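Beneath this line is the structure, given in structure tokens, with notes to follow.
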Amino acid sequence: MQQPVQLGSKLLTREDVHAVARGDAPVELTEAAREAVATARAHIERLATAEKPTYGVSTGFGALAVRHIPPDRRAALQQSLVRSHAAGSGPEVEREVVRALVLLRLKTLATGHTGVRLETAEAMAAMLNAGITPVVHEFGSLGCSGDLAPLSAAALALTGEGEVRDAAGELVPARTALDRAGITPVRLAEKEGLALINGTDGMLGMLVLALHDLRHLLDVADLTAAMSVEALLGTDRVFAADLHALRPHPGQGLSARRMAELLAGSEIMESHRGPDCTRVQDAYSLRCSPQVHGAARDTVSYAETVADRELAAAIDNPVVLADGRVESNGNFHGAPIAYVLDFLAIPVADVASIAERRTDRMLDVNRSHGLPPFLADDPGVDSGHMIAQYTQAAVVSELKRLAVPASVDSIPSSAMQEDHVSMGWSAARKLRKAVDGLRTVLAIEFLTAARALDLRAPLRPAPATAAAVAALRHHVPGPGPDRHLAPEIAAAEEFIRSGALLDVVSNQNRSEV
-10 MQQPVQLGSK LLTREDVHAV ARGDAPVELT EAAREAVATA RAHIERLATA
40 EKPTYGVSTG FGALAVRHIP PDRRAALQQS LVRSHAAGSG PEVEREVVRA
90 LVLLRLKTLA TGHTGVRLET AEAMAAMLNA GITPVVHEFG SLGCSGDLAP
140 LSAAALALTG EGEVRDAAGE LVPARTALDR AGITPVRLAE KEGLALINGT
190 DGMLGMLVLA LHDLRHLLDV ADLTAAMSVE ALLGTDRVFA ADLHALRPHP
240 GQGLSARRMA ELLAGSEIME SHRGPDCTRV QDAYSLRCSP QVHGAARDTV
290 SYAETVADRE LAAAIDNPVV LADGRVESNG NFHGAPIAYV LDFLAIPVAD
340 VASIAERRTD RMLDVNRSHG LPPFLADDPG VDSGHMIAQY TQAAVVSELK
390 RLAVPASVDS IPSSAMQEDH VSMGWSAARK LRKAVDGLRT VLAIEFLTAA
440 RALDLRAPLR PAPATAAAVA ALRHHVPGPG PDRHLAPEIA AAEEFIRSGA
490 LLDVVSNQNR SEV
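Printed below as a string of structure tokens:
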């Protein structure tokens, strides 16, 4: 049984988010969290009976914050807020994103800065642990006042309204799923509706998941680039450590070192080291791979610092402070996350672009140094990987469009009360598409480079790249007459997504050591 992710006694990590969102790890509130939640709730209940109005406790919201709400209407106020704000549209958001969103909202509730009741936080934890996933729609968040529509859909399910996916993935009414799991639907009290929906949790969850995927894909990019260098009879001298020490960007140094290690022991590389080799410099797409991949790595590292700061945050408006004050603020604004989500889309597009250029070189008989045109078995009759590269080009073109920032846009809302918004949710949605596109592009480079290395026989590739090719051959056959390529691309994508490809290469490198 998996260890539960504890909320309240330590900072939530990116690894914790991944474990709950994708691995269905259970969550639990620590005693420290329970005490913090109870203390904050006592402050809210004191303010609820005070004559002086407090935003979110005894007033309306947004542009309606000037209206004082009588005590007998405050429960209806909170439920109405959640119902009206669950106004999303479009396709369902992925299960992992919704689970991350719910976990991150619960993380903030557990800080004791929101004023919810303990039973509300416990119900949210129980919903996660039961595998109940609220139906959240793609459109509705402007990334300011938090991810209001997506979080409202999750909060609505907690009250027994709306639709959810149960643990088996079946679409059922929220009340039915809660009843089956033995969870009592929450009847919202003062401040709770606002506390459940006023956070950056959706965009942050998508950032954390994208960072996990990008770390993995940049390792894959180093591998496929090394395979392409090898297949194109390039030089590995440009990956020497002393050259990269002259420009000490950490990501660049790491990528260069990885590529050099991957190419170590290659008969193909050794075959053209002699004095008769007239090639002085490789094309940029080969020679500059560590610089491009490394810059992407450093961008990911920066984005990770932003994600970690946000994971340490308590986002709500108003917030309950330790001395009992309840203060309005602007911490729900998604700009810090939106910027890095947009930033990441740029290197994703560029890493894909340089991979597509390497692939194209392997298919061009004028630049491939002895490989058959398009790596075809019978050129003219067969087209080989010609159209696979077209697919790469189409995806790269789409990635360039997805690299256009969302965060420079703002569209006023709520009668001009919310007159500048971050569009962080939109930045996160396009980054998810971009990450998927990068995986496709690298899968095609992997397929193409593997075929090219096979065609260099009887010369043998490096042990590490040979292990990658051999592992791929369990899923995709080697060179031969034309066959349906779409399933092979899909198989290579899944092999990369699973992590098995890098495991094979890592195990080979360890055995060599």
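Its first residue numbered -10, the sequence shown is counted upward by one per residue in our numbering.
Note that beta-carbon positions come from the ideal geometry of N, C-alpha and C, so glycine has one too.
Treat the numbers as computed from the prediction; the structure is a model and nothing was measured.
Name the DSSP bridge partner or partners of R72? Answer is none; R72 lacks a bridge partner.
Alpha helix (DSSP H) runs wholly inside the region 224 to 302, at least 4 long, in chain order: Fully enclosed alpha helix (DSSP H) runs of 4 or longer: 230 to 233, 239 to 252, 256 to 259, 273 to 276, 278 to 300.
Got a sec? Which residues, its chain only, sit under 8 Å from I335 by beta carbon, not counting five neighbours each side? T288, A392
What does a CB cutoff of less than 6 Å around V26 pick up in its chain, not counting 5 residues either side in sequence? G101, L107, A110
Classify M(-10) as buried or exposed, calling it buried when 16 or more other Cβ atoms lie within 10 Å of its own Cβ. Label assigned to M(-10): exposed.
Alpha helix (DSSP H) runs wholly inside the region 420 to 482, at least 4 long, in chain order: Here the runs fully enclosed are 452 to 461.
So, using beta-carbon positions, are R154 and V124 closer together than 8 Å? yes
Evaluate R462 with the Cβ neighbour count: other Cβ atoms within 10 Å of its Cβ, from every protein chain shown; 16 or more gives buried, anything less gives exposed. exposed
Label I343 either buried or exposed according to how many other C-beta atoms from any shown protein chain fall within 10 Å of its C-beta, with 16 as the threshold for buried. buried
Identify whether H7 lies in helix, strand or coil by the three-state DSSP scheme. DSSP places H7 in helix when its eight states are reduced to three.
For D5, count the other beta carbons within 10 Å of its own beta carbon; 16 or more makes it buried, fewer makes it exposed. Which is it? A buried status is given to D5, since no fewer than 16 other beta-carbon atoms sit within 10 Å of its beta-carbon.
Within 10 angstroms of the Cβ of V397, are there 16 or more other Cβ atoms? Answer buried if so, exposed if not. exposed
Sufficient close CB pairs (3 or more, under 8 Å) joining the region 208 to 220 to the region 485 to 499: yes
Suppose contacts are defined by Cβ-Cβ distances below 8 Å. Is L436 in contact with I376 by that definition? When the beta-carbon positions are compared, L436 and I376 stay at least 8 Å from each other.
Contact between the region 68 to 88 and the region 126 to 145 is defined here as three or more beta-carbon pairs at a separation below 8 Å; is this criterion met? yes
Just curious, the alpha helix (DSSP H) that E83 is in, first and last residue? Unbroken run through E83: none, as it is neither H nor E.
State yes or no: is the C-beta of S255 nearer than 7 Å to some heavy atom of the ligand COA? Annotation note on the ligand COA: not contained in the displayed structure, which lists no ligands.
Do A22 and P(-7) have their C-beta atoms within less than 8 Å of each other? no
Pull up the distance between the alpha-carbon of G313 and that of S69, whole angstroms please. Roughly 26 Å separates the two Cα atoms.
With H, G and I counted as helix, E and B as strand and the rest as coil, what does DSSP make of Q(-5)? strand
Near A301, which residues of its chain fall below 7 Å by C-beta distance, leaving aside the five closest residues on each side in sequence? Shown here for A301: same chain residues with a beta carbon closer than 7 Å to its own, the five before and five after excluded, namely L0 in chain order.
Quick check on the burial criterion: 16 or more other C-beta atoms within 10 angstroms. Buried or exposed for A432? Burial call: buried.
Given G413 as reference, the closest of D331, D353, F484, V218 once Cα atoms are compared: Residue D331 is the option with its Cα nearest to G413.
Starting from the C-beta of L160, find all residues in its chain whose C-beta is less than 7 Å away, skip the five residues before and the five after it, and write them out in chain order. E152, R154
R314 (DSSP reduced to helix, strand or coil): coil
State the Cα-Cα distance for the pair V227 and A456, rounded to the nearest angstrom. Distance between the alpha carbons of V227 and A456: 23 Å.
For E40, three-class secondary structure by DSSP: Residue state for E40 is assigned as coil, using DSSP reduced to three classes.
Opening and closing residue of the alpha helix (DSSP H) in which F332 lies: 324 to 352
Please state whether DSSP places P368 in a helix, a strand or coil. strand
Taking 8 Å as the threshold (C-beta atoms), are G135 and N187 in contact? yes
Is it right to say E482 is buried, meaning 16 or more other beta carbons lie within 10 angstroms of its own, or is it exposed? buried
Reduced DSSP secondary structure (H/G/I, E/B, other) of S487: coil
By DSSP's criteria, F321 is part of a beta bridge. Which residues make up the other side? Looking at the DSSP assignment, F321 forms no beta bridge with any residue, so it has no partner.
Using 8 Å as the threshold, is the C-beta distance between P307 and E316 below it? yes
Starting from E159, follow the alpha helix (DSSP H) in both directions and report where the run begins and ends. From DSSP, E159 is part of no alpha helix (DSSP H); its letter is neither H nor E.
In the structure shown, what three-state DSSP assignment does L95 receive? helix
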